[in-house]
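Asks:
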Amino acid sequence: MGKSWEAVVTLDVSRIGPALAVPVTVETAEGDVTQAQVFDAEHAQIRIATRAKPLRVVVDKHGTTARGNGSPFTILTMDDELEHALIVYGTQDEAVGNHEAAKLLQTALRRREHNVQPPIRADREVTEDELRGHHLLLVGRPTTNAVSQRLAAQWPVDFGPRSFTVRGQTYTHPESAVLAAGDNPLNPRYSAVLVAGLGSLGTYQTVGKLSDDVLGYAPIVIAPFGRDPRELVPPLPGLTVVPNFP
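At the far end of the sequence shown sits residue 245, using numbering that gives the first Met the number 0, and the numbering has no gaps.
(1) So, under 8 Å CB-CB, V220 and L178 are touching, yes? Tell me the CB distance rounded to an integer number of Å.
(2) With distance defined between alpha-carbon atoms, name the residue in S3, L130, A222, Y216 nearest to T202.
(3) Just to confirm the assignment, what range does the beta strand (DSSP E) spanning G96 have?
(4) Determine the closest residue to E41 out of L10, V57, P173, A51, with distance taken between C-alpha atoms.
(5) So the alpha helix (DSSP H) V146 belongs to, where does it begin and stop?
(6) Beta carbon of A191, beta carbon of F38: below 9 Å?
(7) Extract the residue ranges of the beta strand (DSSP E) inside the region 155-200, only unbroken runs of 3 or more that lie entirely within it.
(8) Taking the DSSP output, what are the residues bridged to A121?
(9) Helix, strand or coil, according to DSSP, for S70 in the structure here?
(10) In the structure shown, what three-state DSSP assignment does R50 receive?
(11) Tell me the rounded alpha-carbon separation between K2 and F224.
(12) Quick one: give me the first and last residue of the alpha helix (DSSP H) that E129 is part of.
(13) For the beta strand (DSSP E) containing T33, list its first residue and its last residue.
(14) How many angstroms separate the CA atom of T27 from the CA atom of P141?
(15) Once you ignore the five residues that flank F158 on each side, which residues in its own chain have a CB closer than 6 Å to its CB?
(16) So, V87 versus V8, is the Cβ gap smaller than 9 Å?
(17) With burial defined as no fewer than 16 other Cβ atoms inside 10 Å of the residue's Cβ, what is the status of L193: buried or exposed?
(18) Between A94 and I119, is the Cβ-Cβ spacing less than 9 Å?
(19) Quick check: the region 183-190 against the region 157-173, are there 3 or more CB pairs under 8 Å?
(20) Once DSSP output is grouped into helix, strand and coil, what is the label at E41?
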């Protein structure tokens, strides 16, 4: 197409169930281009134009369609239900820093074009009913937040005294952080999202990224010190292809 490219993607709609709005991402050397379309028997194809040559096509790269159909939560699942969200900050250690991060998180969520500010509770004062009835945003790693410690099994993250390990990779810098989403075990209708830096500054800085649309819809996001955040959502092999061009 002249100085641009066009990827034509056809889905086997017989395998995706009812008509759904599915995002399709074309990856190029200059970045990603994503378009969403409702796929059904009459609309099984989508055309996506890019300035650079497509390198890979990924269907539902960030798992948002799967989330809408009952699969694991993402770190931003509560974005559409902030009226049902609750921020809980840790007081077991780094209490002042966690509280400041919780207040920044409250502001960051409001800036995401919402008029809702989730309430804030300390881990020592939150009630069982509050934990059971909300999407939980837990500020502080398990050694600093009693609720994070209680729910630690919900996230595929292993914490050491001053480190965390995700999928075999260990992070130790005090300004590194991880965000992880899982079920709220007290009520699977809601999510439990952990925001945990290896130090107060790491937690605070990572919370601030939520107001800038830097973080995407993924179940795990690593924010390594000095590097861009990294989403850990390996796409299913069957939903990823390398395009062929004549």
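Ideal Cβ placement from N, Cα and C applies to all residues, glycine included.
Replies: In short, the structure shows the following:
(1) If you number the sequence shown from 1, residue 220 lands on position 221. If you number the sequence shown from 1, residue 178 lands on position 179. The Cβ separation is near 4 Å, so the contact holds.
(2) Walking along the sequence shown from the start, residue 202 turns up at place 203. Checking every option, the nearest Cα to that of T202 belongs to A222.
(3) Residue numbering aside, residue 96 sits at position 97 when the sequence shown is read from its first letter. Where G96 is concerned, there is no enclosing beta strand (DSSP E), although the alpha helix (DSSP H) it sits in stretches over 94-110.
(4) In the sequence shown, residue 41 corresponds to position 42, counting from 1. The candidate whose alpha carbon is nearest that of E41 is L10.
(5) Position 147 of the sequence shown, counted from the first residue, corresponds to residue 146. Where V146 is concerned, the enclosing alpha helix (DSSP H) stretches over 145-149.
(6) Taking the sequence shown and counting its residues from 1, one reaches residue 191 at position 192. Taking the sequence shown and counting its residues from 1, one reaches residue 38 at position 39. Contact: no.
(7) 157-159, 162-165, 168-170, 176-182, 190-196
(8) As a working note, residue 121 is residue 122 in the sequence shown. Per DSSP, Y88.
(9) Within the sequence shown, numbered from 1, the residue matching residue 70 stands at position 71. For S70, the pLDDT reaches just 40, beneath the cut-off of 50, and the residue's location in the model is therefore unreliable, although a value from the coordinates is still provided. In the structure shown, S70 sits in coil (DSSP, three-state: anything other than H, G, I, E or B).
(10) Sequence index remark: in the sequence shown, residue 50 carries index 51 (1-based). Coil, per DSSP.
(11) For the purposes of this step, residue 2 is identified with residue 3 of the sequence shown, where counting begins at 1. For the purposes of this step, residue 224 is identified with residue 225 of the sequence shown, where counting begins at 1. If I take the Cα positions, the gap works out to 38 Å.
(12) Along the sequence shown, one-based indexing puts residue 129 at 130. It spans 127-131 - the alpha helix (DSSP H) in which E129 sits, taken as one unbroken run.
(13) Start at 1 with the first residue of the sequence shown, and residue 33 comes out as number 34. Segment 30-38, the beta strand (DSSP E) holding T33.
(14) Position 28 of the sequence shown holds residue 27. Position 142 of the sequence shown holds residue 141. Those two C-alpha atoms are separated by around 39 Å.
(15) Position 159 of the sequence shown, counting from 1, holds the residue named residue 158. R140, P141, listed in sequence order.
(16) Against the sequence shown, residue 87 aligns to sequence position 88. Against the sequence shown, residue 8 aligns to sequence position 9. Not in contact: V87 and V8 (Cβ atoms no closer than 9 Å).
(17) Your numbering for residue 193 matches position 194 in the sequence shown. The residue in question, L193, is buried, as its Cβ has 16 or more Cβ neighbours within 10 Å.
(18) Counting from one through the sequence shown, the residue named residue 94 turns up at place 95. Counting from one through the sequence shown, the residue named residue 119 turns up at place 120. Contact: no.
(19) no
(20) Counting from 1 along the sequence shown, the entry for residue 41 is found at position 42. Here E41 sits in coil by DSSP.
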